[in-house]
Each structure stands twice: as C-alpha cells, then as structure tokens.
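Residue numbers (the working numbering): 646 to 855.
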Ligand code: SF4
C-alpha cells in the first residue's frame with residue numbers, strides 16, 4: 646500500500662520534473678571530479694560550487710595533482726565557499742589517500758569511500774549512484790523533508806530515511822527518486838513555505854508536518 650503510494654508520488658513528481666538530474670558540474674568520465682564537487686557542496690549551494698570548480702580542475706586536473714598540492718594552494722580556488730579551509734584540507738587528504746591506498750582510483754565500495762576524508766554516508770551514496778550507476782538514494786535535507794511530508798518515512802536520521810526509501814522504491818529508480826525529490830524540495834516543497842497549490846501531488850499528499 647505504502648509502496649504503491651510511493652510509486653505514485655515518484656511517477657507524478659518525475660513527470661513534473663522530467664529533466665531532474667544532478668546539478669553539480671563534473672566530467673562524467675572522472676569520478677574524482679564528482680567527489681571534489683560533492684565535498685565542496687557541503688553547507689553551500691551547487692551553483693556556488695559550479696562557479697569555482699572549472700578553475701580548480703584546470704589548475705589541478707587529476708587526483709594525483711591534488712595529492713601533490715598543499716591545502717594552502719587549493720584554498721584560493723575555493724575561498725568563496727563556506728568552511729573553505731577545512732574543505733581544501735580534506736580534498737588534499739582525500740587525494741593522498743586515494744593515490745596511496747586505492748591506486749589513484751575512486752573505490753566503488755561504499756564502505757571504502759566512507760574512509761576517505763570529507764566523504765560521509767550521503768556523499769558516498771551520491772558518488773556510487775552518479776559516478777558508477779549503482780543503486781543508492783542519498784538523503785540530504787530536501788530528500789528527507791519531502792519524504793517525511795509525503796508520509797514515506799517518520800525518521801529524521803538520514804540513514805534511517807534511506808533505509809525506508811530503499812524498501813519502497815525499485816532499486817533501478819533510487820537515483821531518479823534522489824534527483825526528483827531534490828528538484829521538488831528546491832523548487833516547490835520548500836522548507837519554510839511549501840507551494841502546495843502548485844504541487845503535482847497536492848491532492849494525495851498527507852502534508853505531514855506542514
Ligand atoms: S503537497 Fe505540499 S507538502 Fe506535499 S509534497 Fe507537495 S509541496 Fe510538499
């Protein structure tokens with residue numbers, strides 16, 4: 646019953662946002678670039694990250710180049726972003742770990758990804774789903790909020806929300822659900838004032854907590 650509702654919500658919101666996709670810019674053939682963009686996007690907008698990454702990737706075009714840099718050399722490229730010192734430090738540590746422990750390749754196993762400095766469970770899920778096409782739904786603030794309002798989970802903890810959504814959606818649609826819920830949360834189901842009259846699932850949404 647809940648799974649059928651979940652699919653209805655997913656189908657409807659997907660039809661409303663047929664172009665929903667990751668909004669971070671990166672070379673799809675280079676998972677390292679995705680990892681960098683995802684790490685930089687913590688506590689900041691994708692738009693702000695997309696402004697800094699072209700120059701950063703031009704100056705440091707590979708994980709090996711990052712590994713040879715110091716955080717102080719990376720900082721000027723990312724200084725417009727929140728927590729830039731910490732992010733620069735983590736990118737250098739991440740690049741060193743990837744070159745030393747994983748032969749310069751981004752691991753596909755989520756548990757290994759989570760051992761990389763700056764990569765938490767959400768970032769690992771974004772990376773394996775977007776870079777390697779593996780089934781995962783990363784739960785950020787938008788995905789969690791939309792899922793709770795739709796009544797698809799009662800949990801606040803992102804890993805529990807992820808487990809709930811993973812049971813409800815077919816695994817080949819988890820990445821789509823991730824993108825679509827983020828688009829929906831950014832454009833319609835806003836945190837403070839959801840635009841329910843414009844929402845494609847307005848009639849059937851239980852609007853939990855709204
Ligand atoms: S009806 Fe309102 S609360 Fe429900 S998903 Fe749409 S915007 Fe969000």
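From the three backbone atoms N, C-alpha and C, an ideal C-beta is built for every residue, glycine too.
Because the structure is a prediction, the values reported are computed rather than measured.
Excluding the 5 residues flanking residue i on each side, which residues of the same chain have their C-beta closer than 7 Å to its C-beta?
{"i": "residue 768", "result": "683 and 684"}
{"i": "residue 714", "result": "705 and 737"}
{"i": "residue 749", "result": "708, 709 and 743"}
Give the DSSP-derived three-state secondary structure of residue i in the structure shown.
{"i": "residue 799", "result": "coil"}
{"i": "residue 647", "result": "helix"}
{"i": "residue 835", "result": "coil"}
{"i": "residue 734", "result": "helix"}
{"i": "residue 840", "result": "coil"}
{"i": "residue 708", "result": "helix"}
{"i": "residue 686", "result": "coil"}
{"i": "residue 662", "result": "coil"}
{"i": "residue 751", "result": "coil"}
{"i": "residue 695", "result": "helix"}
Please tell me whether residue i and residue j are closer than 9 Å, where the distance is taken between their beta carbons.
{"i": "residue 858", "j": "residue 726", "result": "Any property of residue 858 remains undetermined from this structure, which presents the chain solely from 646 to 855."}
{"i": "residue 781", "j": "residue 759", "result": "no"}
{"i": "residue 773", "j": "residue 755", "result": "yes"}
{"i": "residue 613", "j": "residue 823", "result": "No answer is possible for residue 613: it lies beyond the span of the chain, which begins at 646 and ends at 855."}
{"i": "residue 776", "j": "residue 679", "result": "yes"}
{"i": "residue 661", "j": "residue 697", "result": "no"}
{"i": "residue 681", "j": "residue 729", "result": "no"}
{"i": "residue 652", "j": "residue 813", "result": "yes"}
{"i": "residue 668", "j": "residue 827", "result": "yes"}
{"i": "residue 869", "j": "residue 751", "result": "Within the shown structure, residues of the chain are numbered from 646 to 855, placing residue 869 beyond reach of any answer."}
{"i": "residue 842", "j": "residue 855", "result": "no"}
{"i": "residue 677", "j": "residue 740", "result": "yes"}
{"i": "residue 803", "j": "residue 766", "result": "yes"}
{"i": "residue 779", "j": "residue 753", "result": "yes"}
CB of residue i to nearest heavy atom of ligand 1: below 8 Å?
{"i": "residue 847", "result": "yes"}
{"i": "residue 762", "result": "no"}
{"i": "residue 794", "result": "yes"}
{"i": "residue 782", "result": "no"}
{"i": "residue 829", "result": "yes"}
{"i": "residue 791", "result": "yes"}
{"i": "residue 852", "result": "yes"}
{"i": "residue 806", "result": "no"}
{"i": "residue 788", "result": "no"}
{"i": "residue 855", "result": "yes"}
{"i": "residue 676", "result": "no"}
{"i": "residue 803", "result": "no"}
{"i": "residue 800", "result": "no"}
{"i": "residue 833", "result": "yes"}
{"i": "residue 841", "result": "yes"}
{"i": "residue 670", "result": "no"}
Short of 6 Å in beta carbon distance, which residues of its chain neighbour residue i, apart from the five on each side in sequence? Order them along the chain.
{"i": "residue 764", "result": "758"}
{"i": "residue 666", "result": "824"}
So, at 8 Å on beta carbons, what are the nonlocal neighbours of residue i in its own chain, with the 5 sequence-adjacent residues on each side left out?
{"i": "residue 654", "result": "795, 797, 846, 849 and 850"}
{"i": "residue 831", "result": "787"}
Next on the checklist: Going residue by residue through the segment 779-831, where are the continuous alpha helix (DSSP H) segments of at least 4 residues, counting only ones entirely within it?
Outcome noted: 786-794 and 803-813
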